[in-house]
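Report on one structure; see the data block that follows.
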Amino acid sequence: MGPIQSIGDFISLIWRRLPLVMTVLVVGLLWALYLAVTSPAVYEARAVIQVNAPVISDTVTRSAPPAALRVQQIEQRLMSRENMLRLIDRYDLFGGVQDMPDSFKIEVLRSNTRIESIAASATGIDSPASLASIVISTRAGQSQTAANVANDLANDVVTSDRRNRENRIADATDFLNAELLRVEGELDKQDREIATYTAANEDSLPESRAFLQAELVSLAERETITRQNLMTTQRERLALEQTPVSDDSASIVQQLRSAEVALAQARRTLPAGHPEIQRLERVITAINEGSSDEGGSGLGRQLSLIDSQIVSMETSMEEIEQRQAEIRQSQSRTSEVLQVYEQLQRSRQHIADQYTELSRRLAEIDALRLLSENNQTENMVILEPAVPPEFPVASNRKRSAILGAFLSIAVAGGLALFLDLLNPVLRNSRQFEAVTGLRPVISLPFRPSDEEEFRQLVRNTYVVSVAVLGLLLALWMMNLMPGWLADMLPPSVRQGGGG
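Residue 1029 in my numbering is what sits at position 343 of the sequence shown, and the numbering runs on without skipping anything.
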């Protein structure tokens, strides 16, 4: 035959092969309908979780991880193998299936579970992205089971979010408290080190410069006075050694006057209670007591007293010189001591800054914990719990029926075309002209014989019978057969219809 060039040619092809086309089409449609009817019903339930924004929006509430990250972490935990097996065992999701591996059950449950996040509309250009709600969808063979699984997952999301938030706050509090104790110990250690170093190098610190300078002036004045007194006492001793015994009284009076004069000068230049003033007072007391003694031993006692005064003044001179040397040595080490002291102070300030920062963070965590306990931070609540759906999800059945119908039509049309190609015949003048290029002069219509008309009747009867039988079977499988017609069927056949 020639190629199909018009809709008429195609209709003619289908009409010629109508018994075959009708048989293949009815069988294919019934098979697709059977697959759709006998496929298990699937119910889908949804639970909606609302994400409430924090009542107080500041740095404290914004320090918590965003809801999207928390949902992603919770979703990973919900889809874990352990949690999937818990849901399968709790709701007996695969009770009617034997010898199915756990890995396949987990994959089926994961494919039937869907968690969707709905973003909230932005309130400003700089506003952070946030979530408005979370939708959890689950599919199961029974409506109540689908609702139970969806509600279980929703409750797990809300509970896990609250528990994770509390655990995160508790862990942060414990960590900050431990760090605070550690830094506080370092701060105390640094303070003790600074105090020890300050006490050991007090004279080399800049704060002691003015005091040491005044002390040097005072030591110089003491040195001058002590040196003068030493020279005067030495002269008196020489004079006393050359004085006869009869002149003891005059020498004692002279010595007493010299001591009183030195005491008056010391009181004017030295503070009260100074060792030099106390020494001169003891000298005057000893002279007064020695002047009342009788006998010739007075001169010896005076010489002994003067010697002790000389030794005391020399000792005082040595102490003054030693103290002056210590002050000068301390002043020469001022730059070195100051450098170390400043380094210690910087280390202490760094530790003090850490302590302040940790205290601030701990206060923020305490405020966040208080807000979380009063539901003032970002939290999740179940807005719409899942309810058992009334009707199963029809998408799988529709998909099976439509795919089977298209496949049946394609197979029927393909077989008809294939059979027609095996017997190519020019069936009308248009095909003859297309093949030969010659226009026929006359075209006579086909006049069937009695035998051909009988075959045509049988053919049409077969086509109608196949169509009616297919329609009845389709109605029977869908439980749509009329009552009067269903009563004509045997009870066993009547009860065997599909759902």
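Backbone N, C-alpha and C fix where the C-beta goes; we use that ideal spot for every residue, glycine too. All of these numbers come straight from a predicted model, not from anything done at the bench.
Please classify residue i: is it buried, with 16 or more other beta-carbons within 10 angstroms of its beta-carbon, or exposed?
i	result
residue 973	buried
residue 1100	exposed
residue 961	exposed
residue 834	buried
residue 1004	exposed
residue 804	exposed
residue 1060	exposed
residue 1150	exposed
residue 773	buried
residue 787	exposed
Measuring CB to CB, does residue i end up less than 7 Å from residue j?
i	j	result
residue 731	residue 840	no
residue 909	residue 1006	yes
residue 777	residue 831	yes
residue 1063	residue 726	no
residue 703	residue 1102	yes
residue 1048	residue 862	yes
residue 1015	residue 905	no
residue 911	residue 945	no
residue 1186	residue 735	An answer regarding residue 1186 cannot be provided, because it is not within the stretch 687 to 1185 covered by the chain.
residue 796	residue 728	no
residue 713	residue 1066	no
residue 1186	residue 1037	The requested residue 1186 does not occur in the structure, where the chain is confined to residues 687 to 1185.
By how many angstroms is the C-alpha of residue j removed from the C-alpha of residue i?
i	j	result
residue 1188	residue 1090	What the structure shows of the chain is the stretch from 687 to 1185, and residue 1188 is not part of that stretch, so it cannot be assessed.
residue 1138	residue 1147	14 Å
residue 760	residue 1085	34 Å
residue 1076	residue 1057	41 Å
residue 864	residue 849	22 Å
residue 693	residue 700	11 Å
residue 766	residue 1034	49 Å
residue 851	residue 842	14 Å
residue 1144	residue 1152	12 Å
residue 711	residue 802	42 Å
residue 716	residue 705	16 Å
residue 951	residue 899	23 Å
residue 846	residue 1039	36 Å
residue 1001	residue 917	14 Å
residue 721	residue 1161	15 Å
residue 1186	residue 800	The structure shown does not extend to residue 1186, since the chain is modelled only from 687 to 1185, so the question has no answer here.
residue 698	residue 1097	17 Å
residue 1044	residue 856	15 Å
residue 733	residue 1032	58 Å
residue 1042	residue 1052	15 Å
residue 1088	residue 1157	17 Å
residue 964	residue 883	35 Å
residue 949	residue 924	21 Å
residue 853	residue 860	10 Å
residue 838	residue 738	20 Å
residue 997	residue 968	14 Å
residue 1140	residue 1093	33 Å
residue 781	residue 1073	22 Å
residue 779	residue 823	16 Å
residue 907	residue 1013	16 Å
residue 942	residue 966	10 Å
residue 995	residue 887	35 Å
residue 1019	residue 991	42 Å
residue 1108	residue 1135	25 Å
residue 870	residue 1027	20 Å
residue 758	residue 818	15 Å
residue 919	residue 885	40 Å
residue 957	residue 1050	58 Å
residue 1104	residue 1078	41 Å
residue 1155	residue 806	57 Å
residue 955	residue 874	44 Å
residue 953	residue 914	15 Å
residue 922	residue 993	11 Å
DSSP has residue i in a bridge; who is on the other side?
i	result
residue 910	Bridge partners of residue 910: none, in fact.
residue 737	1066
residue 820	735 and 803
residue 825	730
Curious, which full-length alpha helix (DSSP H) runs of at least 4 residues does the region 700-736 contain? 704-724
Which parts of the region 1011-1043 are runs of the beta strand (DSSP E), unbroken and 3 residues or longer, counting only runs that do not cross its ends? none
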